[in-house]
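Asker: Heads up: the sequence shown runs through residues 3 to 497, numbered per the working numbering.
Don't be surprised by glycine CBs; every beta carbon is placed ideally from N, CA and C.
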Amino acid sequence: MKRCIAVLLLIFCPFVSFAQSKQSDIRIVYVTRMVDIIPKSKDVGGFEQLGSLLKATRSSYKNSMFLNGGDFLAPSTMSSFDHGTHMIDILNSLSPDAVAVNEREFAYQEDELVLRVGEAAFPFVSYNILDPMTEGNLQGVEETICYEYDGIDICIISMVDPNVIVRYIPDRIKVNPDEERINKIAKGLRKDGAEVVILMVGHKLKDEAKMLAGSIDIILHSNSKLDAIESVGDGLVFRLGTIDGTAGLIDIKKGTDGKLAFSARIEKLIKYPVDAEIAQKINYYVSKLDKIMNVVVGELGSPLNTKKKMVRTSENAFGNLVADALREYYDTEVAIINGGSIRGNKIYEAGQKLTRRDIQTELPFRNDGVVIEVTGEQLNKALENGLSKIEDAKGRFLHVAGMNVHYCSTNPVGERLISSSMNNKKVQNGQKITLSTMDYLVSGGDGFTMLGEATPIRMKKSKLLMWEITRAYIQKYKKVSPVVEGRLIDDCKAK
Numbered sequence: 003m004k005r006c007i008a009v010l011l012l013i014f015c016p017f018v019s020f021a022q023s024k025q026s027d028i029r030i031v032y033v034t035r036m037v038d039i040i041p042k043s044k045d046v047g048g049f050e051q052l053g054s055l056l057k058a059t060r061s062s063y064k065n066s067m068f069l070n071g072g073d074f075l076a077p078s079t080m081s082s083f084d085h086g087t088h089m090i091d092i093l094n095s096l097s098p099d100a101v102a103v104n105e106r107e108f109a110y111q112e113d114e115l116v117l118r119v120g121e122a123a124f125p126f127v128s129y130n131i132l133d134p135m136t137e138g139n140l141q142g143v144e145e146t147i148c149y150e151y152d153g154i155d156i157c158i159i160s161m162v163d164p165n166v167i168v169r170y171i172p173d174r175i176k177v178n179p180d181e182e183r184i185n186k187i188a189k190g191l192r193k194d195g196a197e198v199v200i201l202m203v204g205h206k207l208k209d210e211a212k213m214l215a216g217s218i219d220i221i222l223h224s225n226s227k228l229d230a231i232e233s234v235g236d237g238l239v240f241r242l243g244t245i246d247g248t249a250g251l252i253d254i255k256k257g258t259d260g261k262l263a264f265s266a267r268i269e270k271l272i273k274y275p276v277d278a279e280i281a282q283k284i285n286y287y288v289s290k291l292d293k294i295m296n297v298v299v300g301e302l303g304s305p306l307n308t309k310k311k312m313v314r315t316s317e318n319a320f321g322n323l324v325a326d327a328l329r330e331y332y333d334t335e336v337a338i339i340n341g342g343s344i345r346g347n348k349i350y351e352a353g354q355k356l357t358r359r360d361i362q363t364e365l366p367f368r369n370d371g372v373v374i375e376v377t378g379e380q381l382n383k384a385l386e387n388g389l390s391k392i393e394d395a396k397g398r399f400l401h402v403a404g405m406n407v408h409y410c411s412t413n414p415v416g417e418r419l420i421s422s423s424m425n426n427k428k429v430q431n432g433q434k435i436t437l438s439t440m441d442y443l444v445s446g447g448d449g450f451t452m453l454g455e456a457t458p459i460r461m462k463k464s465k466l467l468m469w470e471i472t473r474a475y476i477q478k479y480k481k482v483s484p485v486v487e488g489r490l491i492d493d494c495k496a497k
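1. How far does the alpha helix (DSSP H) with LEU466 in it reach, from first residue to last?
2. Run through DSSP, which three-state label would LYS256 get?
3. What's the C-alpha gap between GLY488 and VAL234?
4. For THR457, which residues does DSSP report across the bridge?
5. Within 10 Å of its beta-carbon, does THR258 have 16 or more other beta-carbons around it, so buried, or fewer, so exposed?
6. Can you tell me which of GLY388, ASN322, ILE420 and GLY153 puts its alpha carbon nearest to the alpha carbon of ASP493?
7. How would you write the range of the beta strand (DSSP E) that PHE399 sits in, first residue to last?
8. Enumerated in chain order, which unbroken segments of the beta strand (DSSP E) with a length of 3 residues or greater are wholly contained in the region 127 to 173?
9. With which residues is GLY250 paired in a DSSP beta bridge?
10. Over what stretch of residues does the alpha helix (DSSP H) that includes THR363 continue unbroken?
11. Would you kindly work out how many angstroms separate the C-alpha atoms of ARG460 and GLY388, rounded to a whole number?
12. Judging by CA-CA distance, which residue of LEU52, VAL116 and GLY378 is the nearest neighbour of LEU75?
13. Within 10 Å of its beta-carbon, does VAL407 have 16 or more other beta-carbons around it, so buried, or fewer, so exposed?
14. By Cβ distance below 7 Å, which residues in the same chain neighbour GLY321 in space, the five residues on each side in sequence not counted?
15. Consult DSSP for ASN347 and reduce its assignment to one of helix, strand or coil.
16. List the residues that DSSP assigns as beta-bridge partners of MET424.
17. Taking the straight line between their C-alpha atoms, what separation do you get for ASP333 and GLY371?
18. To which residues does DSSP link VAL336 through a beta bridge?
19. Who are the Cβ neighbours of PRO458 in its own chain at under 6 Å, not counting the five residues just before and after it?
20. Please say whether PHE49 and ILE284 have beta carbons closer to each other than 8 Å?
21. What residue from ILE167, GLU105, VAL485 and LEU69 has the CA that sits closest to GLU403's CA?
22. Between the region 224 to 241 and the region 252 to 270, do three or more beta carbon pairs fall short of 8 Å?
23. Could you tell me whether the Cβ atoms of SER54 and PRO275 are closer together than 8 Å?
24. Expressed to the nearest angstrom, what Euclidean distance is found between the alpha-carbon atoms of SER128 and VAL162?
25. So, using beta-carbon positions, are VAL177 and GLY142 closer together than 8 Å?
26. If you count every other CB in all the chains shown that lies within 10 Å of the CB of ARG241, and 16 or more means buried, which is it?
27. Hey, out of GLU210, GLY237 and GLY204, whose CA is closest to ILE220's CA?
28. Considering only the beta carbon of each residue, do ASN130 and VAL101 sit closer than 8 Å?
29. Which same chain residues end up closer than 7 Å to ALA109 when comparing Cβ atoms and leaving out the 5 residues on each side of it in sequence?
30. Pull up the CB-CB distance for MET89 and ILE158, whole angstroms please, since I reckon it's below 8 Å.
31. DSSP three-state label for ILE218, please.
32. Any idea what DSSP makes of ASP229, helix, strand or coil?
33. Quick one: Cα of LYS495 to Cα of ASN225, how far?
34. Per DSSP, GLY300 forms a beta bridge with which residues?
35. Roughly how many angstroms separate the alpha carbons of VAL299 and ASN425, rounded to a whole number?
36. Terminal residues of the continuous alpha helix (DSSP H) containing ILE491?
Below, the structure written as structure tokens:
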């Protein structure tokens, strides 16, 4: 069937109240990557406003659908305690029609995700997960799901990024990277009567145009580097993931000639009033945390910037602080952490008091500190891997303590490390070095397989989480003043 597409990018459009119910139109509300129950800025809307948007939509449209692109179970301060149970509770009140299984849903491994799926009063969807325990999908996760609205059948497919295996190191699942299978599934849905097939995905596809020319009508892309709406042939691509506090609104209309027309826009949630029911739930969870999380652990003597780009592309003061804390706690020659473990995305002023909330917001994952003995060759391979995706601001970028690194960010991948040194002496390939880091990296996360080949060292000190080590370090010194001091130098930055 031929489809007409109207594309509207109305992120700054004025609020419009719906005067009467749209009897034949289908309105889809789409959100993704909403991980914090409290927005980081008062100028940004969150779940409280989303509740009002959904109520307005459901009262104004006879046919409506709420889709969530996933990446919502972690990382957050609250999730570090309950592994995302509070998010399921809130979403249960919002009643999604489908939620994609995305990368962050594996932050606490498969079994925790299965528990969250069991707690949900809504369907999780993913077609490309294989769990050896079930010899199929993860328990409770649907491969596809379809709904019928006044004779129009709409089906949802979701695909998790195959790189989840590298980034989150699941215990047992396998992920099918075959994108051709999407078209096969979509064709099967068409054969069964689907008029609209929607694909939710969190990574770049090899050939979106081919999919949209085939059996896919709409691609909802989370974790995109831009927020945009694009028409591709007869299909629609909706990219969302950079602007906090936004939702996608997608309309499907069927004309008298039987043709379907799609239109879409990006909506700011802050335009909508607070939904009292959702606000009550959020206040309940916030009140449980406040007494614990508002305890002051120390003071900053220098400013900090933990914005995503700052911790994933260059030396960073907070990265230095965490690496220093790790190195001191385990008394090793060198320490490394990856920038992706830092998630606060905040700016701190000199003189600001640091609370436990700040530390756990910055380091929300349950990563243990570990000690290994590496060779100089293994350490240099790790440093090279950390530089391999610097242009994409990926989380594998390393922060170091006890050493200095020179590199060229514009060199080809695999040739970016220029030199590494300890105490002004070049690191030698055969040199034995004690290294403190986190279990995530030693397990091969973010491609650090070389660290898994190193020799483990048993320590008498208690094994602590990264945020606990950092908190103890700040409490010990009471006032910390980390700075960028030339540990990581990009020799090609000015060229």
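Answerer: Working from what's here:
1. It is not in any alpha helix (DSSP H) - LEU466 carries neither H nor E in the DSSP assignment.
2. The answer is strand: DSSP assigns LYS256 an E or B state.
3. Looking at the two C-alpha atoms, the distance is approximately 46 Å.
4. Answer by DSSP bridge pairing, in chain order: GLU375.
5. Counting Cβ neighbours within 10 Å, THR258 comes out exposed, since fewer than 16 surround it.
6. Among GLY388, ASN322, ILE420 and GLY153, the Cα nearest to that of ASP493 is on ILE420.
7. For PHE399, there is no enclosing beta strand (DSSP E), as DSSP gives it neither H nor E.
8. With a minimum length of 3 residues, the continuous beta strand (DSSP E) runs that stay inside the region 127 to 173 are 146 to 151 and 154 to 161.
9. Looking at the DSSP output, GLY250 sits in a beta bridge with TYR32 and ILE268.
10. Counting along the chain, the alpha helix (DSSP H) containing THR363 begins and ends at 358 to 364.
11. Answer to the nearest angstrom: the Cα atoms are 26 Å apart.
12. Comparing C-alpha distances from LEU75 to each of LEU52, VAL116 and GLY378 shows the shortest one belongs to VAL116.
13. So VAL407 counts as buried.
14. Here the set comprises VAL313, ILE339, GLY341, ILE344 and HIS401.
15. Here DSSP, grouped into helix, strand and coil, assigns ASN347 to coil.
16. Paired residues: LYS427.
17. Cα-Cα distance, rounded: 12 Å.
18. The partner list for VAL336 (beta bridge, DSSP) reads LEU437.
19. Cβ within range, chain order: ILE374.
20. It is a contact, given that the beta carbons lie within the stated cut-off.
21. The sequence shown places Ala at residue 403, not Glu. Distances from the alpha-carbon of ALA403 to those of ILE167, GLU105, VAL485 and LEU69 put VAL485 closest.
22. In this structure the region 224 to 241 touches the region 252 to 270; the number of beta carbon pairs closer than 8 Å is three or more.
23. In this structure, PRO275 lies closer than 8 Å to SER54 by Cβ.
24. Spanning the two alpha carbons is a distance of roughly 7 Å.
25. At least 8 Å separates the beta-carbon of VAL177 from that of GLY142.
26. Classification for ARG241: buried.
27. Cα-wise, what sits closest to ILE220 is GLY237.
28. Against a cut-off of 8 Å, the Cβ pair of VAL101 and ASN130 comes out as no contact.
29. Cβ-Cβ distances below 7 Å link ALA109 to LEU75, ALA76, PRO77, TYR170 and PHE367 in the same chain, with the five nearest sequence neighbours on each side left out; the list follows chain order.
30. About 20 Å; that fails the 8 Å criterion.
31. DSSP places ILE218 in the coil class of the three-state scheme, outside both helix and strand.
32. ASP229: coil per DSSP, three-state reduction.
33. So the two alpha carbons sit approximately 27 Å from each other.
34. GLY300 is bridged to LEU356.
35. Our two residues, VAL299 and ASN425, have alpha carbons roughly 31 Å apart in a direct line.
36. Note, ILE491: premise wrong, no alpha helix (DSSP H); beta strand (DSSP E) at 490 to 492.
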